[in-house]
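Those protein sequences? They're chains A and B, same order as listed.
Those letters in the first sequence? Residues 6 to 373, per my numbering, in order.
Those letters in the second sequence? Residues 6 to 373, per my numbering, in order.
To keep things clear, I will list the structure first and then write my remarks on it.
Protein chains: 2
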Amino acid sequence: MIYTEDKICQIKKPLKLKSGEVLESYNLTYETHGVLSKNSNNAVLVCHALNASHHIAGIRKTTKDLGWWDNMIGPGKPIDTDSFFVIGVNNIGSCFGSTGPASINPKTGKPYGSDFPLLTVEDWVNSQAVFADFLGIKKFVAIIGGSLGGMQVLQWSISFPDRLENAIIIASTARLTAQNIAFNEIARRAIITDKSFHGGDYYSENTFPNIGLSIARMLAHITYLSQDGMTEKFGRNLQEKKDYSFSYEIDFQIESYLRYQGEKFSHKFDANSYLLITRVLDYFDPAGEANGDLVKALKVVKAKFLLISFTSDWRFSPSHSKELVSALLENNVQVSYSEIKSEYGHDSFLLEDPGYHELIRVFFSNML
Amino acid sequence: MIYTEDKICQIKKPLKLKSGEVLESYNLTYETHGVLSKNSNNAVLVCHALNASHHIAGIRKTTKDLGWWDNMIGPGKPIDTDSFFVIGVNNIGSCFGSTGPASINPKTGKPYGSDFPLLTVEDWVNSQAVFADFLGIKKFVAIIGGSLGGMQVLQWSISFPDRLENAIIIASTARLTAQNIAFNEIARRAIITDKSFHGGDYYSENTFPNIGLSIARMLAHITYLSQDGMTEKFGRNLQEKKDYSFSYEIDFQIESYLRYQGEKFSHKFDANSYLLITRVLDYFDPAGEANGDLVKALKVVKAKFLLISFTSDWRFSPSHSKELVSALLENNVQVSYSEIKSEYGHDSFLLEDPGYHELIRVFFSNML
């Protein structure tokens, strides 16, 4: 069993943000697997999605938590840490060790709360580039990520085309649809209207908008699963009862499951981080930077690409990936694309599908 | 222009509910169009969906509100009130005149609130049958409804097979999926956890859980529209601004639209009614009454059926209608089915699609 521990990179160089604001200094919490080669040419950066962290694989010594992509990353696994030096880094604005809204604002000595600046995928990628400098990595052999992680990969290929050889984008998109934004907006309303939110400065009130965050998470969870997958797993099964309660208590297993997921999440995630990261998602739109022309936005990219989507993913359906593939091909970029048959919806990218894992394994083997 | 007015039917006969509780007396508010024939053989009952009411067509004298299905019902319209006597009735438990949670409980002299009993589609249909007796209608020439309205039509055909000749079920289902229930559960959590909910007895507190109800409505609204329809209508368009605000204020048109819809709805609908009706939806499952066997559940039906679904409806997708059509056909019931191409999602049943309206027109003409 691989044990991992948090490492911290303290960055004193101010980060100029897309909003115009500046983050004077910040910490990035990270985790590494494998050994960096002498010429630093085997480094893989793993970008995480909304709820995840730098803890990508192995087990935390303290909490015994398994990394969120442990089925993918490790010795002999598709991203083989016997060959690659694999890095997970917690994004700023998140809540797993890197500087975020719950961190102490050095200017006030209190948690940032509502003073924490809004970020973008570009800002994240810029901070990750500073982090790569800190590690002495000029160029990643690959940057990989699913969902929001995939957006970071895409942004890397645009912002720093010379700093990655391979870009692997899974279950992701070049921009959110109106429906995607709509779900995010409802999640934010649930959090912001929670009576314990206090305009984002709940830390000093010794309270937490866990009801709103729980609702936000329940909602997101529906978009991670497929309609058929939910039917298969829960159907109309009742939760430990034989008949309806004729009340608003839990009757169906799906109600119990969602409430549990919401409740659990609301105790491990920061509500301000949730707000911030949904906005990062909304704002990502490289085509928007090029007058809506995705082909033009991708003109600068140099990496080789692997894109993967999943048939039952309705959050970022295969059409999102296909649009990106087309735009890359129009730029004569080398792209492989695979649409994996799966009934597990958006969550498929986290699961251990043999065909999917084999695809990643082969793509990485070819880098050696 | 047709002006309409509310009529009230006071029912003193106790209604035994599926839950075991009894509603001792209740009012049904209704509206009629056209003239009942001498032998009462031209009566059409229109069953309404979650948000709607008995106000099906024409204009309210007082409020100038147009009926929700005015494009379908009226002189010369697909359901032609020159030939048919068309009745809309507000369901009990709702909030547009019929007895519901906001009504005065005769036992206490105060609004029912949390004391209002939970209902089912069967209960509604039973109350509508008492109402039909009151009107002197032994048999409807047709009962029609979309979405939750369609569930009532189906239940009529099971509960009172001799009291309707034609059953028209549009954009509906024989039972909710786990995903459908999941959305309802989140809507209920938003309402119940609103600090102004007071366990359902907010009337006496002079407050109203409009924040929770607004969130519930925003969420439901997403399920009424199709992904493509939302992209077509809103895309990533910004709301009266040229750049992101870098805040949680409204940036995108879709955010503005949803907030407006939620806000508007929260001022015209009762939160307890919303809770109750989502539970009515969850509980509907005629197959469940027959050990999960839909074919068996439909053994008693005698009506001729028309079922209609819409291609982009992902709330109750065409597969729901097809399952019902198959089960009806296995019982040798006469069924017509049409899947209408539409990009407007679940809402399509309310819109004026020429092919859809023509289908209804022809089906009704054949009854004459």
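Positions of the beta carbon are idealized from the N, C-alpha and C atoms, including for glycine.
Under the three-state DSSP convention, the category residue i falls into
| i | result |
| --- | --- |
| Asp85/B | strand |
| Arg320/B | coil |
| Tyr8/A | strand |
| Pro291/A | helix |
| Phe136/A | helix |
| Pro166/A | helix |
| Lys112/A | coil |
| Gly350/B | helix |
| Leu124/A | coil |
| Lys66/A | coil |
| Leu20/A | strand |
| Gly105/B | coil |
| Val27/B | strand |
| Gly79/A | strand |
| Thr286/A | Correcting the residue type first, residue 286/A is Leu in the shown sequence and not Thr. Correct three-state label for Leu286/A: helix. |
| Asn215/B | helix |
| Ser58/A | coil |
| Tyr262/A | helix |
| His272/B | coil |
| Gly204/A | helix |
| Gly234/A | helix |
Counted within 10 angstroms of its Cβ, other Cβ atoms place residue i as buried (16 or more) or exposed
| i | result |
| --- | --- |
| Pro83/B | buried |
| Pro19/A | exposed |
| Glu260/A | buried |
| Gln414/A | No answer is possible for residue 414/A: the residues shown for chain A start at 6 and end at 373. |
| Met6/B | exposed |
| Gly93/A | buried |
| Tyr8/B | exposed |
| Ile109/B | exposed |
| Thr212/B | exposed |
| Tyr5/A | A question about residue 5/A goes unanswered here, because the residues of chain A that appear run from 6 up to 373. |
| Leu356/B | exposed |
Inter-residue spacing [alpha-carbon to alpha-carbon] between residue i and residue j
| i | j | result |
| --- | --- | --- |
| Val285/A | Thr125/A | 5 Å |
| Glu26/B | Leu140/B | 26 Å |
| Tyr31/B | Ala137/B | 15 Å |
| Trp161/B | Ala292/A | 53 Å |
| Val130/A | Ile148/A | 11 Å |
| Ser177/A | Ala57/A | 15 Å |
| Phe239/B | Ile78/B | 30 Å |
| Asn215/A | Glu268/A | 8 Å |
| Glu328/A | Lys23/B | 51 Å |
| Glu2/B | Lys144/B | What is shown of chain B runs 6 to 373, which leaves residue 2/B out entirely. |
| Glu294/B | Asp248/A | 11 Å |
| Ser209/B | Leu55/A | 42 Å |
| Asn242/B | Arg180/A | 12 Å |
| Asn277/A | Phe101/A | 13 Å |
Cross-strand partners of residue i (DSSP beta bridge)
| i | result |
| --- | --- |
| Ser343/B | Ile313/B |
| Ala48/B | Phe90/B |
| Arg193/A | According to DSSP, Arg193/A bridges with nothing at all. |
| Gln15/B | Asn32/B |
| Ala172/B | Ile148/B, Phe310/B |
| Phe257/B | Leu243/B |
| His38/A | Val91/A |
| Leu71/B | Ile64/B |
Closer than 7 Å at the beta carbon, the chain B residues around residue i
| i | result |
| --- | --- |
| Gln232/A | Thr182, Gln184 |
| Gly240/A | Ala183 |
| Ser24/A | Phe251 |
| Leu280/A | Tyr253 |
Chain A residues whose Cβ lies nearer than 8 Å to that of residue i
| i | result |
| --- | --- |
| Ser252/B | Leu123 |
| Phe188/B | Ile227 |
| Lys210/B | In the sequence as displayed, the identity of residue 210/B is Glu instead of Lys. Here the premise fails: no neighbours, minimum Cβ distance about 15 Å. |
| Thr220/B | Per the sequence shown, the amino acid found at residue 220/B is Ile instead of Thr. Within 8 Å Cβ-Cβ: Ile191, Arg194, Ala195, Thr198, Ile220. |
Amino acids of chain B, ordered along the chain, whose beta-carbon sits closer than 8 Å to that of residue i
| i | result |
| --- | --- |
| Asp358/A | The contacting residues do not exist; Asp358/A stays about 22 Å from chain B at best. |
| Leu224/A | Ile191, Leu224 |
| Met235/A | Thr182, Ala183, Gln184, Ala187 |
| Ala302/A | Result: empty, since nearest Cβ-Cβ is about 14 Å, beyond 8 Å. |
| Glu260/A | Ile186, Ala187, Glu190 |
Proximity test, residue i beta-carbon vs the ligand SAH heavy atom, cut-off 7 Å
| i | result |
| --- | --- |
| Glu29/A | In the structure shown, the ligand SAH is absent, as is every other ligand, since no ligand is present at all. |
Chain A contact residues for residue i, given Cβ-Cβ distances below 7 Å
| i | result |
| --- | --- |
| Tyr288/B | Tyr249 |
| Ile216/B | Thr198 |
Chain B residues whose Cβ lies nearer than 9 Å to that of residue i
| i | result |
| --- | --- |
| Lys115/A | In chain order: nothing, as chain B lies at least about 20 Å away. |
| Arg284/A | Tyr249, Phe251, Ser252, Tyr253, Asp256 |
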